[in-house]
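What follows is a short report on a single structure.
This is the structure we're talking about:
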């Protein structure tokens, strides 16, 4: 197919904190060198921030370096953290508060801010555009382009106006080729192009297995009398510990009487009957949360996978023609439960590597290997190495004993213990057969604190064009009913937080696997947790998916 092509020095896939920070750093550096550089950012969401979801408590270290005058520029950092509380939930009605001296040092949030990451990215995009970056929202990067030597040449944006059978509808528009001398992939955790690049260039060779969690979040408006701007609460234990699973909950008090509440479920759980969505609904009934929420109003809902493996799981982040940055590589600091500043740092390191080469002539398809030198000398490397054992300890020992290990490792030995823990079993391989697992029954939602999946998806403003190719690909369409249903009670019905997957029966009682792609909030959990690795998430048409206003 003949496609229109556009040429740039640098193409960036994803307008999140990593991609936008890289774009800003590139333009700043080129101006300092008095050289011209063309940079474009392609974003699959309908606007910048539409697909961005995080807790989020934000550490300003990377922002201080990138835009030191961020306050004067109007950065949407309005709520400084005023108080940290950490609890172990022992049951549905009891908890123990962890004293500050007994918590891992990384949980101290002094100097940090509670923010909407979506709004922060919208602001970063404004700064990037003011410097001359071209940003194209509503265009999904569907495919990687390679040159004759196998180096990355850029990307192809997805076609618009294809019917479900692949035919061209009225108003069809072919995707555009965006060529870059260097392409940065900043798609977030489990990026589908990043996944393909890791496989093609064997970027994860000699690396530990990456692990993930599913973060589910709601934004609430609560009464003024229970609202405490700047309060940060983290919990471990119930309800996930009751199911033999690990993870943790959070509650952050923002401005305007808003509270962000969520649950992160480690996707290494073993019971196929576990539903992270329903565990989250249970969690909100605990008195610790209910006293803030029971007279409140739920405003928004969303879900997203996040990396939890640690730096030993990071793939090689450079390859011929490009870089993996941010959560596409897995730079989240699990011990801090923060990935925004580390994603920004990774993008800035990639940008600096490109700028070094720009001074000597940037050529298409180069493998800018001196990125490794920048990374090994950076604060990012030091920070991630310090907490390298946190994630594996949580997996191996559970939240309570894993956190005790982290306390010894980081508070007492300052991250200098002479070993690095590993966890080689991938998340999809941890499920036990349904016959060996306890069936879990969840109560019906009460419509006050707990809700169903469909009403939740409605609050995410998720929408996809109806008649388009399905973006959730089954390698073997018969496998869910033939294998997953008898062996694992088809866990996709439960691990998906948006009701995308159902097992239904026809008039003759024959089971059928149904995919409700319209519901998909792009969390990527199915791509990670399916025990047969039979589901591959690819991009739908641009603008499809959630439209988060301020998550």
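Residue numbers (our numbering): 1 to 551.
Positions of the beta carbon are idealized from the N, C-alpha and C atoms, including for glycine.
Next item on the list: Could you tell me how far apart the beta carbons of residue 125 and residue 20 are, in whole angstroms, since I believe they sit closer than 8 Å?
Entry: Here residue 125 corresponds to residue number 125 of the chain shown, with the count starting at 1. Here residue 20 corresponds to residue number 20 of the chain shown, with the count starting at 1. Contact holds; Cβ gap of about 6 Å.
Note to self: Ignoring anything shorter than 4 residues, give me the alpha helix (DSSP H) runs that lie fully in the stretch 484-535, in order along the chain.
What the structure shows: 485-488, 492-495, 525-529
Notebook entry, point to check: Roughly how many angstroms lie between the CA atoms of residue 531 and residue 267, to the nearest whole one?
Noted result: Within the chain shown, the letter at position 531 stands for residue 531. Within the chain shown, the letter at position 267 stands for residue 267. Computed Cα separation, rounded: 11 Å.
Checklist line | Residue range of the unbroken beta strand (DSSP E) whose run includes residue 216 | finding: Within the chain shown, the letter at position 216 stands for residue 216. Element bounds for residue 216: 212-221.
Next item on the list: Quick one: measure Cβ to Cβ for residue 46 and residue 543, integer angstroms, because I've assumed they're closer than 8 Å.
Entry: On the chain shown, position 46 is the one that residue 46 refers to. On the chain shown, position 543 is the one that residue 543 refers to. About 4 Å separates the two Cβ atoms, so the contact holds.
Check: Which first and last residues belong to the beta strand (DSSP E) in which residue 253 is found?
Finding: Counting from 1 along the chain shown, the entry for residue 253 is found at position 253. Residues 247-253.
Next item on the list: Could you say which of 119, 369, 394, 78 lies nearest to residue 15 if we only look at CA atoms?
Entry: Here residue 15 refers to the residue found at position 15 of the chain shown. Residue 119 is the option with its Cα nearest to residue 15.
Next item on the list: Would you tell me roughly how many angstroms separate the C-alpha atoms of residue 419 and residue 247, rounded to the nearest one?
Entry: Along the chain shown, read from residue 1 onward, the residue named residue 419 stands at position 419. Along the chain shown, read from residue 1 onward, the residue named residue 247 stands at position 247. Using only the alpha carbons, I get a separation of about 24 Å.
Note to self: Looking only at its chain, what residues have a beta carbon closer than 8 Å to the beta carbon of residue 121, apart from the 5 residues adjacent to it on each side?
What the structure shows: Within the chain shown, the letter at position 121 stands for residue 121. Cβ neighbours of residue 121 beyond the five flanking positions: 15, 16, 17, 20, 48, 49, 52.
Margin query: Between residue 333 and residue 339, how many whole angstroms is the CB-CB distance? I'm expecting something under 8 Å.
Written below: For this step, residue 333 is matched to residue 333 along the chain shown. For this step, residue 339 is matched to residue 339 along the chain shown. Right, the Cβ-Cβ distance comes to about 7 Å (below 8 Å), so this counts as a contact.
Next item on the list: Return yes when the Cβ of residue 254 is within less than 8 Å of the Cβ of residue 276, no when it is not.
Entry: Numbered from its first residue, the chain shown carries residue 276 at position 276. Numbered from its first residue, the chain shown carries residue 254 at position 254. The answer is no: Cβ separation not under 8 Å.
Notebook entry, point to check: Alpha carbon to alpha carbon, what distance is there between residue 182 and residue 9?
Noted result: If you number the chain shown from 1, residue 9 lands on position 9. If you number the chain shown from 1, residue 182 lands on position 182. Their Cα atoms are separated by approximately 7 Å.
Notebook entry, point to check: Do residue 322 and residue 147 have their CB atoms nearer than 8 Å?
Noted result: Your numbering for residue 322 matches position 322 in the chain shown. Your numbering for residue 147 matches position 147 in the chain shown. No, these two residues do not count as a Cβ contact at 8 Å.
Check: Where in the stretch 330-373 do unbroken runs of the alpha helix (DSSP H), each at least 4 residues long, occur, reported from the N-terminal end onward?
Finding: 340-358
Notebook entry, point to check: Taking the alpha-carbon positions, what's the residue 412 to residue 237 distance?
Noted result: Here the question's residue 412 lines up with position 412 in the chain shown. Here the question's residue 237 lines up with position 237 in the chain shown. Near 24 Å, if we compare the C-alpha coordinates of residue 237 and residue 412.
Note to self: residue 380 and residue 342 - do their beta-carbons sit closer together than 8 Å?
What the structure shows: Here the question's residue 342 lines up with position 342 in the chain shown. Here the question's residue 380 lines up with position 380 in the chain shown. The answer is yes: Cβ separation under 8 Å.
Next item on the list: Starting from the C-beta of residue 143, find all residues in its chain whose C-beta is less than 7 Å away, skip the five residues before and the five after it, and write them out in chain order.
Entry: The sequence position of residue 143 within the chain shown is 143, counting from 1. Within the same chain, residue 143 has close Cβ partners 155, 156.
Note to self: Considering only the alpha carbon of each residue, which of 422, 451, 469 lies closest to residue 393?
What the structure shows: Indexing the chain shown from 1 puts residue 393 at position 393. Residue 422 is the option with its Cα nearest to residue 393.
Notebook entry, point to check: Any beta-carbon of chain C closer than 8 Å to the one on residue 102?
Noted result: No chain C is part of this structure, which consists of one protein chain only.
Notebook entry, point to check: From this set, 482, 539, 550, which residue's C-alpha is nearest residue 159's C-alpha?
Noted result: As a working note, residue 159 is residue 159 in the chain shown. Checking every option, the nearest Cα to that of residue 159 belongs to 539.
Item checked: DSSP beta-bridge partners of residue 95 -> For this step, residue 95 is matched to residue 95 along the chain shown. Its beta-bridge partners are 89.
Note to self: My parser needs the beta strand (DSSP E) runs of 3 or more residues fully inside the stretch 422-475; what are they?
What the structure shows: 472-474
Notebook entry, point to check: Quick one: any contact between the stretch 368-376 and the stretch 287-299, if contact means 3 or more CB pairs under 8 Å?
Noted result: no
Notebook entry, point to check: Would the beta-carbon of residue 57 fall within 8 Å of that of residue 273?
Noted result: The residue given as residue 57 occupies position 57 in the chain shown. The residue given as residue 273 occupies position 273 in the chain shown. No, Cβ-Cβ distance for residue 57 and residue 273 is not below 8 Å.
Next item on the list: Alpha carbon to alpha carbon, how far is residue 100 from residue 108? Give it in angstroms, no decimals.
Entry: For the purposes of this step, residue 108 is taken as the residue at position 108 of the chain shown. For the purposes of this step, residue 100 is taken as the residue at position 100 of the chain shown. In a straight line, the C-alpha of residue 108 is about 8 Å away from that of residue 100.
Check: Does the separation of the CB atoms of residue 116 and residue 80 fall below 8 Å?
Finding: Residue numbering aside, residue 116 sits at position 116 when the chain shown is read from its first letter. Residue numbering aside, residue 80 sits at position 80 when the chain shown is read from its first letter. In this structure, residue 80 does not lie closer than 8 Å to residue 116 by Cβ.
Next item on the list: May I have the straight-line CA-CA distance separating residue 414 from residue 262, to the nearest angstrom?
Entry: As a working mapping, residue 414 is identified with position 414 in the chain shown. As a working mapping, residue 262 is identified with position 262 in the chain shown. Cα to Cα, residue 414 sits roughly 29 Å from residue 262.
Next item on the list: Provide the residue span of the alpha helix (DSSP H) that contains residue 289, from first to last.
Entry: Taking the first residue of the chain shown as position 1, residue 289 is located at position 289. Residue 289 -> alpha helix (DSSP H) spans 287-293.
Notebook entry, point to check: Distance, Cα to Cα, residue 162 vs residue 265?
Noted result: Residue numbering aside, residue 162 sits at position 162 when the chain shown is read from its first letter. Residue numbering aside, residue 265 sits at position 265 when the chain shown is read from its first letter. Near 36 Å, if we compare the C-alpha coordinates of residue 265 and residue 162.
Notebook entry, point to check: Nearest CA to the CA of residue 270: which residue from 245, 250, 286?
Noted result: To locate residue 270, count along the chain shown from 1; it is residue 270. It is 245.
Check: residue 458: buried (16+ other C-beta within 10 angstroms of its C-beta) or exposed?
Finding: As a working mapping, residue 458 is identified with position 458 in the chain shown. Residue 458 is exposed by the Cβ-count criterion.
Item checked: Status (buried if at least 16 other CB within 10 Å, exposed otherwise) for residue 337 -> Along the chain shown, read from residue 1 onward, the residue named residue 337 stands at position 337. Residue 337 comes out buried.
Item checked: Reduced DSSP secondary structure (H/G/I, E/B, other) of residue 169 -> To locate residue 169, count along the chain shown from 1; it is residue 169. Three-state result, residue 169: strand.
Note to self: Quick check on this structure: which residue in 55, 66, 40 has the alpha carbon closest to the alpha carbon of residue 28?
What the structure shows: Numbered from 1 along the chain shown, position 28 holds the residue referred to as residue 28. Ranking the options by Cα distance to residue 28, first place goes to 66.
Check: In the structure shown, what three-state DSSP assignment does residue 258 receive?
Finding: In the chain shown, residue 258 corresponds to position 258, counting from 1. Of the three classes helix, strand and coil, the one that applies to residue 258 here is strand, per DSSP.
Checklist line | Helix, strand or coil at residue 68 according to DSSP, with G and I counted as helix | finding: Translated into positions along the chain shown, residue 68 becomes position 68. DSSP places residue 68 in coil when its eight states are reduced to three.
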